[in-house]
DNA sequence: GATGAATGAGGCTTCATTCAT
DNA sequence: GATGAATGAAGCCTCATTCAT
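Protein chains in written order, with the working numbering: chain X, 83 to 305; chain U, 83 to 305; chain P, 83 to 305; chain L, 83 to 305.
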């Protein structure tokens with residue numbers, strides 16, 4: 083699924099030309115993401131979004147049914163970044179440990195790139211009605227699944243301890259998200275790459291088996 | 083600082099009788115906490131809060147200047163739980179490792195007790211104007227400080243590796259918060275105590291030095 | 083059922099004081115009736131109604147859920163005039179023929195008093211959602227029932243031909259309504275009392291039996 | 083005046099080809115009539131009309147200046163049915179009484195054929211600005227004139243009482259319209275032809291002179 | 001001639017806040 | 001101190017109308 087697709091996802095439009103729909107929605111989402119991130123969903127008016135997007139307020143309603151739909155599109159676009167970037171980062175890698183670190187690193191970097199949108203996703207999911215919120219949860223579960231699979235592969239290969247995969251996955255995911263959520267403080271403490279490196283060190287300690295440690299030593303230069 | 087105190091914290095009231103102010107504010111905060119948690123801050127009206135608190139809408143404005151003040155009081159009351167419960171949990175303990183686990187465990191349990199309010203704090207802090215948000219950040223930093231001190235003591239005692247204290251503190255704090263934030267999923271995976279136990283195991287692996295491990299083995303039954 | 087009652091009929095209010103509710107609704111209905119009659123329902127804004135009623139727009143929504151509810155109240159108040167005036171006009175009369183003419187005359191006179199509102203009722207009933215429209219139809223059927231009963235009594239007494247009561251009732255009702263509906267033209271032709279007299283003559287010709295005619299001759303001076 | 087003509091009546095078009103104009107307008111009017119009848123004028127959007135007519139929204143504005151113009155065309159098309167059908171029904175008849183009944187019967191049958199549009203005309207005339215509403219009134223007066231002439235001829239021929247022609251004309255017209263206006267109830271009571279028959283009986287009683295009655299008896303089979 | 005995307009004014013409705021009682 | 005009716009500003013959304021293609 084590419085970025086285009088999200089823009090046609092689940093939200094009905096009055097306009098039929100698909101390319102136009104995708105373009106307009108991208109325009110709207112870009113403006114909305116910035117505004118929602120800075121002022122919050124409820125403080126941002128549709129007029130604000132329209133003005134920032136350089137279109138009229140009425141136009142927005144040709145591509146969206148609701149103000150809430152705008153939020154949904156924004157959130158889906160963030161989650162979609164994850165689902166696009168993580169697979170891209172591990173594509174071509176075969177070693178389980180390398181794949182694991184690559185996935186975590188990619189996750190952190192997407193979070194960094196879309197930092198404000200990530201925070202927005204944390205704060206605003208509950209502003210959606212239940213059915214649309216469900217879409218978001220599903221997407222989150224999918225992303226977690228990618229991390230969990232990498233973790234699980236390491237366990238199966240005897241490189242990591244036999245931990246509760248799902249719980250540790252949450253630790254990993256949360257670690258990545260924290261970079262955005264606590265950025266106001268963390269940025270005083272270290273930079274992104276250092277944050278990632280510290281995390282690697284921490285999780286290596288927590289998870290690797292002796293065999294994993296030896297393997298890690300060998301591939302170390304590459305990560 | 084006790085619960086009463088928060089209710090007199092920083093927000094001006096038109097009523098002079100301090101005991102009454104504290105009582106009324108507690109009433110308002112209790113109602114608001116539940117409503118904000120379930121419906122969100124913006125979807126909850128002052129009339130809703132008044133009705134649930136069993137008072138008139140006008141009354142609220144005698145104890146608060148703003149709707150935002152209500153939110154501030156709610157958030158401060160959550161953060162205050164942390165600042166009350168964690169010291170209580172480690173009072174009387176002297177062993178650094180025991181104090182550490184007790185602090186983390188206490189944190190997780192307060193989060194569990196005030197689960198929805200914790201989520202609210204995550205979501206709604208940005209709904210506050212900058213100056214009032216600053217109050218919240220300060221409170222969060224204080225709480226973190228308590229955890230960081232425990233961690234630091236363990237490091238100084240040679241029981242834990244010389245990690246970046248602040249970063250790891252964030253991981254610990256986030257671990258506790260995650261129980262609330264991801265409760266919708268985690269509750270399917272395990273109960274609170276199991277969650278805590280798994281976390282202890284994880285952090286023990288990640289943090290303990292060989293000396294720490296031996297010490298841990300000795301005190302194990304007690305945690 | 084008196085006028086007060088209609089004002090508490092079927093529409094929920096946020097305000098509990100019943101007397102106040104009745105007073106405010108009467109205020110709103112009076113303003114709305116005039117505006118809806120002159121400009122039509124859709125051309126009239128709630129702000130217009132509020133201004134004419136001398137209240138704020140927000141206030142209206144404490145006594146009504148919808149703009150459509152305002153229309154409903156207006157229509158019910160018109161229909162209620164019928165249901166109040168016609169029984170009053172025939173109360174105390176026992177002769178079937180006298181009752182019949184008194185009912186028709188009363189109907190015409192109420193229509194005349196509430197001429198514009200009557201036209202409004204004709205035009206606007208379809209602007210209501212189905213369930214509320216049903217209320218209106220019921221009320222209309224009740225009024226028709228009163229006329230039909232008078233007619234039926236005359237038939238039973240052998241004073242009128244054995245016509246299809248319901249069809250003739252519609253003609254009688256429509257005759258009364260026409261005074262409002264076609265007033266723009268009829269007022270050039272005759273006055274109200276002349277209109278009524280001509281109608282009596284017409285319906286007498288159409289309906290009375292020979293016995294009825296003799297009876298009519300006797301009571302003539304009284305009608 | 084035929085149906086085509088109405089479509090060129092009084093409303094300016096940007097398109098010059100008259101045949102095309104008439105065709106397009108007929109298309110638009112057909113769609114609008116149905117929608118206005120079912121949903122009302124204000125609830126129907128130009129987009130709705132365009133979709134039902136199978137054209138674009140922009141197209142409509144090449145054949146009409148206003149949304150109100152669409153309504154005007156619709157109403158004129160209804161009134162035009164009357165002005166076409168009634169003369170057709172009495173053409174070739176010479177006996178005044180036969181002409182009278184034929185006119186009334188024709189009126190009722192057109193009302194039945196265009197039942198919803200007739201109701202629409204009742205409800206929506208006031209949605210037009212004064213000048214355009216005047217056009218409608220004129221058209222109504224013309225139709226009434228045809229009925230009044232038939233009635234007047236009967237009176238002159240001594241077949242009917244010397245009633246106020248205009249008032250009775252309204253009774254007759256209203257009788258026909260009622261079939262549409264009260265159809266929701268009348269259809270439970272009788273069919274169209276029975277309704278007409280009852281009306282004939284009623285008006286015969288009300289209007290015929292003894293001479294008229296004898297004449298009526300002779301022609302009875304023919305009506 | 002036809003299209004349909006774009007505009008933007010305007011209306012309904014909500015709700016934080018006030019104030020007379 | 002408490003009430004709750006009243007206010008009115010503000011926002012979401014609709015839809016008649018235009019205009020570039």
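Quick reminder that beta carbons are idealized off the backbone N, C-alpha and C, glycines included.
*With DSSP run on the structure shown, which of helix, strand or coil describes residue 161 of chain X?*
Residue 161 of chain X falls in the helix class under three-state DSSP.
_Between which residues of its own chain and residue 187 of chain U is the CB-CB distance below 6 Å, once the five residues before and five after are set aside?_
Excluding residues within five positions, the ones whose Cβ falls inside 6 Å are 278.
*Return the CA-CA distance between residue 202 of chain X and residue 289 of chain U, expressed in angstroms with no decimal places.*
Approximately 32 Å, taken between the alpha carbons.
_Within a Cβ cutoff of 8 Å, which residues of the same chain sit near residue 235 of chain X, ignoring the five residues on either side of it in sequence?_
Excluding positions up to five away in sequence, the list reads 178, 181, 182.
*With DSSP as the reference, please indicate the residues paired to residue 290 of chain X in a beta bridge.*
According to DSSP, residue pairing for residue 290 of chain X in a beta bridge involves X/242.
*Tell whether a beta-carbon distance below 8 Å holds between residue 205 of chain L and residue 215 of chain P.*
Using a Cβ distance threshold of 8 Å, residue 205 of chain L and residue 215 of chain P do not count as a contacting pair.
*From the DSSP output, in three-state form, read off residue 96 of chain L for me.*
DSSP places residue 96 of chain L in coil when its eight states are reduced to three.
_Buried/exposed call for residue 173 of chain P, threshold 16 Cβ in 10 Å_ = Counting other Cβ atoms within 10 Å of its Cβ, residue 173 of chain P stays below 16 and is therefore classed as exposed.
*Just how far apart, CA to CA, sit residue 221 of chain U and residue 197 of chain U?*
Residue 197 of chain U has its alpha-carbon roughly 18 Å from the corresponding atom of residue 221 of chain U.
_Beta carbon proximity, residue 300 of chain L to chain P, threshold 8 Å_ = No, no contact with chain P.
_Nonlocal neighbours in the same chain, by C-beta distance under 7 Å from residue 301 of chain X, ignoring five residues either side_ = Taken in chain order, the residues that qualify are 177, 179, 180.
*Within 8 Å (strictly less), CB to CB, does residue 264 of chain U reach chain X?*
Yes, contact with chain X.
*Give a yes or no on contact between the stretch 155 to 172 of chain X and the stretch 126 to 136 of chain X, applying the rule of three or more CB pairs nearer than 8 Å.*
Fewer than three beta-carbon pairs drawn from the stretch 155 to 172 of chain X and the stretch 126 to 136 of chain X are found closer than 8 Å, and the two stretches are therefore not classed as touching.
*Anything in chain P within Cβ reach of residue 122 of chain L, meaning under 8 Å, just list it in chain order.*
Within 8 Å Cβ-Cβ: 208, 209.
*Could you tell me if residue 84 of chain L is buried or exposed, where buried requires 16 or more neighbouring beta carbons within 10 angstroms of its beta carbon?*
Confidence at residue 84 of chain L is low in this model, with a pLDDT of 43, below 50, so the placement of that residue should be treated as unreliable; the coordinate-derived value is given next. With fewer than 16 Cβ atoms within 10 Å of its Cβ, residue 84 of chain L is classed as exposed.
*asked:* Any beta carbon from chain L within less than 8 Å of residue 233 of chain P's own beta carbon?
replied: With a threshold of 8 Å between beta carbons, residue 233 of chain P makes no contact with chain L.
_With a threshold of 8 Å between beta-carbons, can residue 191 of chain P be considered close to chain L, or not?_
It does not: the Cβ of residue 191 of chain P has no partner Cβ on chain L nearer than 8 Å.
_Going residue by residue through the stretch 154 to 211 of chain X, where are the continuous beta strand (DSSP E) segments of at least 3 residues, counting only ones entirely within it?_
Entirely contained in the stretch 154 to 211 of chain X, not one beta strand (DSSP E) run reaches 3 residues.
*asked:* Can you confirm whether residue 41 of chain P, when its beta carbon is compared against all beta carbons of chain L, has any partner nearer than 8 Å?
replied: Lying before the first or after the last residue shown, residue 41 of chain P is absent from chain P, which here runs from 83 to 305.
*Starting from residue 256 of chain U, follow the alpha helix (DSSP H) in both directions and report where the run begins and ends.*
247 to 263 is the extent of the alpha helix (DSSP H) around residue 256 of chain U.
*What's the C-alpha gap between residue 151 of chain P and residue 185 of chain P?*
Answer to the nearest angstrom: the Cα atoms are 30 Å apart.
*For residue 216 of chain U, decide whether its Cβ has a neighbour in chain X, counting only Cβ atoms nearer than 8 Å.*
No, residue 216 of chain U lies away from the interface with chain X (no Cβ there is under 8 Å from its Cβ).
*Roughly how many angstroms separate the alpha carbons of residue 169 of chain U and residue 226 of chain U, rounded to a whole number?*
A straight line joining the alpha-carbon of residue 169 of chain U with that of residue 226 of chain U spans about 12 Å.
*Alpha carbon to alpha carbon, how far is residue 294 of chain X from residue 240 of chain X?*
In this structure, the alpha-carbon of residue 294 of chain X lies about 7 Å from that of residue 240 of chain X.
*Measure the alpha-carbon distance for residue 224 of chain U versus residue 165 of chain U and round it to whole angstroms.*
Straight-line Cα distance between these residues: approximately 8 Å.
*asked:* Counting only Cβ pairs nearer than 8 Å, list the residues of chain U close to residue 198 of chain X.
replied: Against chain U, the beta carbon of residue 198 of chain X has no neighbour under 8 Å; the closest one sits roughly 11 Å away.
_chain U contact residues for residue 256 of chain X, given Cβ-Cβ distances below 7 Å_ = Neighbours of residue 256 of chain X on chain U, chain order: 256, 260.
*On the three-state DSSP scale, how would you describe residue 234 of chain U?*
Three-state result, residue 234 of chain U: helix.
*Give the residues of chain P in contact with residue 271 of chain L, contact being defined as C-beta atoms less than 8 Å apart.*
Chain-order list of chain P residues neighbouring residue 271 of chain L: 246, 248, 249, by C-beta distance under 8 Å.
_Sequence-distant residues of the same chain with beta carbon closer than 7 Å to residue 95 of chain L, five excluded per side_ = Excluding sequence positions up to five before and after residue 95 of chain L, its CB lies within less than 7 Å of the CB of 103, 144, 145, all in the same chain and listed in chain order.
*Return yes when the C-beta of residue 176 of chain P is under 7 Å from any heavy atom of the ligand ADP, and no when it is not.*
Summarising the ligand content, the structure contains no ligands, and the ligand ADP is consequently not present.
*Between residue 288 of chain L and chain P, is there a C-beta pair that is closer than 8 Å?*
Residue contact check for residue 288 of chain L against chain P: a CB pair falls below 8 Å.
_Rounded separation between residue 118 of chain X and residue 207 of chain U - CA only_ = C-alpha of residue 118 of chain X to C-alpha of residue 207 of chain U: approximately 14 Å in a straight line.
*Count the other CB atoms within 10 Å of the CB of residue 120 of chain U; is the residue buried (16 or more) or exposed (fewer)?*
Exposed, because fewer than 16 other Cβ atoms sit within 10 Å of the Cβ of residue 120 of chain U.
*Note down the Cα distance separating residue 199 of chain U from residue 156 of chain X, rounded to an integer number of angstroms.*
Answer to the nearest angstrom: the Cα atoms are 26 Å apart.
*Does residue 150 of chain U get closer than 8 Å to chain X when you measure Cβ to Cβ?*
Look at residue 150 of chain U: its C-beta is not under 8 Å from any C-beta on chain X.
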